[in-house]
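Just so you know, the protein sequences line up as chains A and B, in that order.
Sequential numbering from 1105 applies to the first sequence in our numbering.
Sequential numbering from 1105 applies to the second sequence in our numbering.
2 protein chains.
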Amino acid sequence: MKLRNTRDKILVTCRKLLNAKGVSMVTTASIAEAVGINEGNLYYYFKRKADIVNALFEQFTAEQLTLLEGEQDMRLWFQLMWDWRFFYRDSMALFTLEPLLRQRLREMSNLVQERALARLLELVEEGQLKASEEELKVLLENSWIISTYWIEYLHSRHGITRVTRKHLEWGYQQMLSLYRPYLSAHAPSFFKELNEG
Amino acid sequence: MKLRNTRDKILVTCRKLLNAKGVSMVTTASIAEAVGINEGNLYYYFKRKADIVNALFEQFTAEQLTLLEGEQDMRLWFQLMWDWRFFYRDSMALFTLEPLLRQRLREMSNLVQERALARLLELVEEGQLKASEEELKVLLENSWIISTYWIEYLHSRHGITRVTRKHLEWGYQQMLSLYRPYLSAHAPSFFKELNEG
DNA sequence: GTCTATAATGAGATAGAC
DNA sequence: GTCTATCTCATTATAGAC
């Protein structure tokens, strides 16, 4: 995302703010200040605060669709969840701000989770994973939860406020560890990070 | 907790509100209305909104200490996390409201997690579990995350707004499933629910 | 496009009558 | 103890000058 114009600057800055401070803590004043523009100018680009979130959701959706087209790299998905974590983490405040997102977020997630399950079933057929379909579904929901909330955990539980790449790796490994007991003996391509780390 | 007086009523009602609506969405006006008293009266009992949260934290701490003294029943701990879920779930808004809780919450959690690890190590020695200490630590952090955030997941991901006992059981089973691959063959007492369900 | 000024609402909080 | 009235401040949003 290039910062060509003010609108893009608002969106990029606002995504960072929402991730860092939480949906309920980000005011239009704080957005304008972070972008370096006047609050009135902010309202020139987005008539309602909720419209910013809607525009961000469009970007989020686009990135998910792009990932769905490419190879199913777990690390990329984990990174995506990280980049847009406020969407799931603050859903209560989010849906109060923009009720329309309740359904939209769910539909997109359904699609992603369906594809993820299909990919895991492929891995079972390839002999890289050993698990029943029921076990895979439980695994998938747990890894979704870990991917979404590990950072909240680090924050509330260990007092981490500035998240580094090391923390990101920690979260990724926590999520991967769920699959470890189900891995076949020979090194599976999908989980190569597990064997390296 | 008996509803003897207005102060208790405020605390019980407020805990429910905080769990249901989120820390950032619960106003003093909404508390007063839910309790059935005037907003001015609310301020007679608690001079600051943060004082309510502090009083609730005292109760939360007391309940945790009680559980620590008794037998380490996983189901009871899961229920406790459920009853006080707003403390971890909304930590960002919580720490903004009352910064003192940042350290207090962490200290209490340290104690609980230490004891939990000790209990898991016992189970390994008893032969009910088969895992290294490192694996147990990873397991423990993942089960903490699942226990805390499964409800947020159900809300944002599946649109569940009214949580029933069935959902609570779902969350518990998701958490227990983490330990399943590490269970020994013979039925372990600690995880009896796993074998029944 | 960007700013200033200002409305409109709602939140946390206080003083004082009853 | 409980309520009414009120204050202050933050937040979303609009109108209009530049």
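Built from N, CA and C at the ideal position, the CB exists for glycine as well.
Could you tell me which residues DSSP puts in a beta bridge with B/Phe1258? Here residue 1258 of chain B refers to the residue found at position 154 when the second sequence is read from its first residue. It should be noted that the sequence gives Leu, not Phe, for residue 1258 of chain B. Partner(s): none; B/Leu1258 has no beta bridge.
For B/Gln1163 and B/Leu1224, believed in contact at Cβ under 8 Å, the rounded distance: As a working note, residue 1224 of chain B is residue 120 in the second sequence. As a working note, residue 1163 of chain B is residue 59 in the second sequence. With 8 Å as the limit, B/Leu1224 and B/Gln1163 do not qualify as a contact, their Cβ atoms being about 27 Å apart.
Classify B/Leu1169 as buried or exposed, calling it buried when 16 or more other Cβ atoms lie within 10 Å of its own Cβ. As a first step, residue 1169 of chain B must be located in the second sequence, where it is residue number 65. So B/Leu1169 counts as exposed.
Have a look at the DSSP bridge pairing and note the partners of B/Leu1233. Stepping through the second sequence from its first residue, residue 1233 of chain B is reached at position 129. DSSP output for B/Leu1233 lists B/Leu1287 as bridge partner(s).
Would DSSP call B/Lys1151 helix, strand or coil? Within the second sequence, numbered from 1, the residue matching residue 1151 of chain B stands at position 47. Three-state result, B/Lys1151: coil.
Give a yes or no on whether 9 Å exceeds the smallest Cβ distance from A/Ile1250 to chain B. What you label residue 1250 of chain A is simply residue 146 of the first sequence in a count that begins at 1. Chain B contact via Cβ: present.
Could you give the DSSP three-state label for B/Asn1158: helix, strand or coil? Within the second sequence, the letter at position 54 stands for residue 1158 of chain B. Helix.
Tell me, to the nearest whole angstrom, how far the beta carbon of B/Arg1179 is from that of B/Tyr1253; I am working on the premise that it is less than 8 Å. Position 75 of the second sequence, counted from the start, is the residue given in the question as residue 1179 of chain B. Position 149 of the second sequence, counted from the start, is the residue given in the question as residue 1253 of chain B. B/Arg1179 to B/Tyr1253, Cβ: 18 Å. No contact.
Check A/Gln1176 in the structure and name its three-state DSSP category. Position 72 of the first sequence, counted from the start, is the residue given in the question as residue 1176 of chain A. Looking at A/Gln1176 - three-state DSSP - the assignment turns out to be coil, as it is neither helix nor strand.
With a cut-off of 8 Å, do at least 3 Cβ pairs link the segment 1196-1212 of chain B to the segment 1236-1248 of chain A? no
Under the assumption that B/Ser1128 contacts A/Arg1261 (Cβ atoms under 8 Å), give the Cβ distance between them as a whole number of angstroms. Here residue 1128 of chain B refers to the residue found at position 24 when the second sequence is read from its first residue. Here residue 1261 of chain A refers to the residue found at position 157 when the first sequence is read from its first residue. With a Cβ gap of about 20 Å, B/Ser1128 and A/Arg1261 do not count as contacting.
With 9 Å as the threshold, decide whether the Cβ of B/Trp1254 is near any Cβ in chain A. Along the second sequence, read from residue 1 onward, the residue named residue 1254 of chain B stands at position 150. Yes, B/Trp1254 counts as interfacial toward chain A.
Against B/Ala1197, what residues of chain A qualify as contacts under a CB-to-CB distance less than 8 Å, listed in chain order? Against the second sequence, residue 1197 of chain B aligns to sequence position 93. Those are Gly1126, Ser1128, Met1129, listed as they occur along chain A.
Inter-residue Cα distance where the pair is A/Trp1181 and A/Ala1235: Within the first sequence, residue 1181 of chain A is the residue found at index 77, counting from 1. Within the first sequence, residue 1235 of chain A is the residue found at index 131, counting from 1. Spanning the two alpha carbons is a distance of roughly 22 Å.
In or out: B/Thr1131 buried (at least 16 other Cβ within 10 Å) or exposed? The residue you call residue 1131 of chain B lines up with position 27 of the second sequence. It counts as exposed.
Does A/Ile1114 come out as helix, strand or coil in the three-state DSSP assignment? Within the first sequence, numbered from 1, the residue matching residue 1114 of chain A stands at position 10. Looking at A/Ile1114 - three-state DSSP - the assignment turns out to be helix.
Is B/Leu1204 close to chain A? Criterion is C-beta to C-beta, closer than 9 Å. One-based indexing of the second sequence puts residue 1204 of chain B at position 100. Not one chain A Cβ lies under 9 Å of B/Leu1204.
Whose CA, out of B/Trp1188, B/Leu1233, B/Val1157, lies closest to the CA of B/Leu1287? Taking the second sequence and counting its residues from 1, the one referred to as residue 1287 of chain B is at position 183. Taking only the C-alpha atoms, the option nearest B/Leu1287 is B/Leu1233.
By DSSP, does A/Asp1187 sit in helix, in strand, or in coil? Taking the first sequence and counting its residues from 1, one reaches residue 1187 of chain A at position 83. DSSP places A/Asp1187 in helix when its eight states are reduced to three.
With DSSP collapsed to three states, give me the class of B/Gly1140. Counted from its first residue, the second sequence places residue 1140 of chain B at position 36. Correct three-state label for B/Gly1140: coil.
Just to confirm the assignment, what range does the alpha helix (DSSP H) spanning A/Arg1108 have? On the first sequence, position 4 is the one that residue 1108 of chain A refers to. Note, A/Arg1108: premise wrong, no alpha helix (DSSP H); not H, not E.
Assuming A/Val1242 and B/Gln1278 form a contact by the criterion Cβ under 8 Å, report the distance between their Cβ atoms to the nearest whole angstrom. For the purposes of this step, residue 1242 of chain A is taken as residue 138 along the first sequence, with counting starting at 1. For the purposes of this step, residue 1278 of chain B is taken as residue 174 along the second sequence, with counting starting at 1. So it is a contact: roughly 6 Å between Cβ atoms.
Measuring straight from C-alpha to C-alpha, what distance separates B/Phe1161 and A/Glu1238? Stepping through the second sequence from its first residue, residue 1161 of chain B is reached at position 57. Stepping through the first sequence from its first residue, residue 1238 of chain A is reached at position 134. Taking the straight line from one Cα to the other gives about 39 Å.
With 9 Å as the threshold, decide whether the Cβ of B/Val1242 is near any Cβ in chain A. Counted from its first residue, the second sequence places residue 1242 of chain B at position 138. Chain A, which has a Cβ nearer than 9 Å to the Cβ of B/Val1242, makes this yes.
Output yes if chain B places a C-beta closer than 9 Å to the C-beta of A/Gln1207; else output no. Sequence index remark: in the first sequence, residue 1207 of chain A carries index 103 (1-based). Yes, because at least one Cβ of chain B sits closer than 9 Å to the Cβ of A/Gln1207.
Could you check how far apart the C-beta atoms of B/Thr1110 and B/Ile1135 are, in whole angstroms? I think they sit under 8 Å. On the second sequence, position 6 is the one that residue 1110 of chain B refers to. On the second sequence, position 31 is the one that residue 1135 of chain B refers to. No, B/Thr1110 and B/Ile1135 are not in contact; Cβ-Cβ is about 12 Å, not under 8 Å.
Throw me the rounded Cβ distance for the A/Leu1244 and A/Ala1222 pair, which I believe falls under 8 Å. For the purposes of this step, residue 1244 of chain A is identified with residue 140 of the first sequence, where counting begins at 1. For the purposes of this step, residue 1222 of chain A is identified with residue 118 of the first sequence, where counting begins at 1. That pair is no contact at about 11 Å.
Which class does B/Ile1250 belong to by DSSP, given the choice of helix, strand or coil? Here residue 1250 of chain B corresponds to residue number 146 of the second sequence, with the count starting at 1. It is helical.
So which residues on chain A does B/His1271 lean against when the C-beta distance must stay under 8 Å? The residue you call residue 1271 of chain B lines up with position 167 of the second sequence. Going along chain A, no residue has its Cβ under 8 Å from B/His1271, so there is no contact; the nearest lies around 13 Å.
Closer than 8 Å at the beta carbon, the chain B residues around A/Asn1246: The count along the first sequence starts at 1 and reaches residue 1246 of chain A at position 142. By Cβ distance, chain B contributes Asn1246, Ile1250, Gln1278, Ser1281, Leu1282.
Over what stretch of residues does the alpha helix (DSSP H) that includes B/Met1070 continue unbroken? Since the first residue of chain B shown is 1105 and the last is 1301, residue 1070 of chain B is not available in this structure.
Give the straight-line distance between the Cα atoms of A/Glu1137 and A/Arg1152, rounded to the nearest whole angstrom. By one-based count along the first sequence, residue 1137 of chain A stands at place 33. By one-based count along the first sequence, residue 1152 of chain A stands at place 48. C-alpha separation (whole angstroms): 17 Å.
Does the Cβ of B/Asn1299 have 16 or more other Cβ atoms within 10 Å, making it buried, or fewer, making it exposed? Looking up residue 1299 of chain B in the second sequence gives position 195. In this prediction, B/Asn1299 has a pLDDT of 46, which is less than 50 and means its spatial position is unreliable; what the coordinates show is noted afterwards. With fewer than 16 other Cβ atoms within 10 Å, it is exposed.
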